[in-house]
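Trainee: Below you will find the structure I want to go over with you.
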């Protein structure tokens with residue numbers, strides 16, 4: 001697995017804690033990142049298919065936590081995994097099509113797509129969902145759209161669940177969530193916990209953001225601004241599936257959060 005970035009450490013923690021797997025971390029040659037002593041670390045050259053295949057040889061599963069800009073590397077990793085006989089691949093592209101040609105042409109190679117919604121704790125601490133620390137928010141489509149969301153630790157637990165139930169999760173999308181919430185609900189909780197000061201509220205329509213993003217892509221623009229607008233459309237746009245009606249929480253051993261649990265997450269971010 002790749003264990004850096006926002007999500008990687010949470011998944012690594014969950015895999016180490018469950019004591020079921022021998023964990024190997026793949027990281028770029030020359031990286032100075034320090035990893036726990038109980039995991040094997042392999043330094044890889046993403047541009048060398050042979051060395052990449054050698055690095056993943058003998059692994060039963062690969063969990064990719066590459067960033068959205070690492071699509072070329074992820075393609076190379078998929079090809080290397082197939083060549084090395086890896087049995088299960090979990091891509092970091094949560095919106096990928098389930099019609100994966102690699103799985104159809106290689107029956108021994110399976111995949112699981114883990115859909116978890118936006119990361120709740122990271123989305124609040126970074127301000128992406130609601131900037132509760134600085135009392136700022138951009139309400140998408142009115143701020144009352146229910147969306148499914150998960151903590152980073154929950155995603156890590158879900159990865160363990162997928163790998164622990166290989167047959168039940170093979171070649172399909174797997175859904176997990178902590179809670180369904182709205183931006184206005186989160187703001188209300190934050191105001192209760194910290195009633196001081198005033199909030200700066202703006203509004204935006206995700207349909208307009210989507211058109212702006214598509215225009216940017218058409219002109220060759222591919223940056224975090226474009227990607228964020230498409231992401232917000234997927235999360236908040238009506239009919240885009242941002243709220244999961246059916247989830248695999250029980251299979252994956254994920255309990256989720258109630259209203260008090262959401263309040264605890266908001267409190268933790270405010271106090272962090």
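Residue numbers (my numbering): 1 to 272. Even glycine gets a Cβ: it sits at the ideal position worked out from N, Cα and C. This structure is a prediction, so every number in the text was calculated from the model and none was measured.
1. Just grab the DSSP bridge partners of residue 42 for me.
2. Measuring CA to CA, which of 229, 133, 166 and 177 is closest to residue 266?
3. At least one CB of chain C closer than 8 Å to the CB of residue 137: is that the case?
4. Starting from residue 56, follow the beta strand (DSSP E) in both directions and report where the run begins and ends.
5. May I ask which residues mark the beginning and end of the beta strand (DSSP E) holding residue 181?
6. In the structure shown, what three-state DSSP assignment does residue 72 receive?
7. Quick check: what's the CA-CA separation for residue 223 versus residue 179?
8. Which residue or residues does DSSP assign as beta-bridge partners of residue 173?
9. In its own chain, which residues sit with a C-beta less than 6 Å from the C-beta of residue 206, not counting the 5 before and 5 after it?
10. Applying the criterion that 16 or more other CB atoms from any shown protein chain within 10 Å of the CB defines a buried residue, is residue 15 buried or exposed?
11. Quick check: what's the CA-CA separation for residue 256 versus residue 119?
12. Please state whether DSSP places residue 131 in a helix, a strand or coil.
13. Output the distance between the C-alpha atoms of residue 7 and residue 152, rounded to the nearest integer angstrom.
14. From residue 245 to residue 78, what does the alpha carbon distance come to, in whole angstroms?
15. Tell me the start and end of each unbroken alpha helix (DSSP H) in the segment 174-235 that is at least 4 residues and wholly inside, in chain order.
16. Using the three-state DSSP reduction, which class does residue 92 fall into: helix, strand or coil?
17. Give every residue of the same chain whose Cβ lies closer than 7 Å to the Cβ of residue 13, excluding the five residues on either side of it in the sequence, and list them in chain order.
18. If you run the structure through DSSP and keep just helix, strand and coil, what is residue 139?
19. So which of 67, 63, 76 and 106 has the shortest CA-CA distance to residue 89?
20. Rounded to the nearest angstrom, what separates residue 42 and residue 24 at their Cα positions?
21. Can you name, in chain order, every residue of its own chain whose Cβ lies under 7 Å from the Cβ of residue 76, other than the five neighbours on each side?
22. For residue 11, which residues does DSSP report across the bridge?
23. Considering Cα atoms alone, identify which of 85, 143, 202 and 31 is closest to residue 183.
24. Taking Cβ positions, are residue 61 and residue 163 nearer each other than 8 Å?
25. According to the Cβ coordinates, are residue 5 and residue 117 closer than 8 Å?
26. Once DSSP output is grouped into helix, strand and coil, what is the label at residue 167?
Mentor: According to the structure shown:
1. 26
2. 133
3. In the structure shown, chain C cannot be found, because there is only a single protein chain.
4. Note, residue 56: premise wrong, no beta strand (DSSP E); alpha helix (DSSP H) at 49-56.
5. 179-181
6. helix
7. 29 Å
8. 113
9. 140, 141, 232, 233, 236 and 237
10. buried
11. 13 Å
12. strand
13. 6 Å
14. 30 Å
15. 183-193 and 206-218
16. coil
17. 156
18. strand
19. 63
20. 7 Å
21. 46, 49 and 52
22. Answer is none; residue 11 lacks a bridge partner.
23. 143
24. yes
25. no
26. coil
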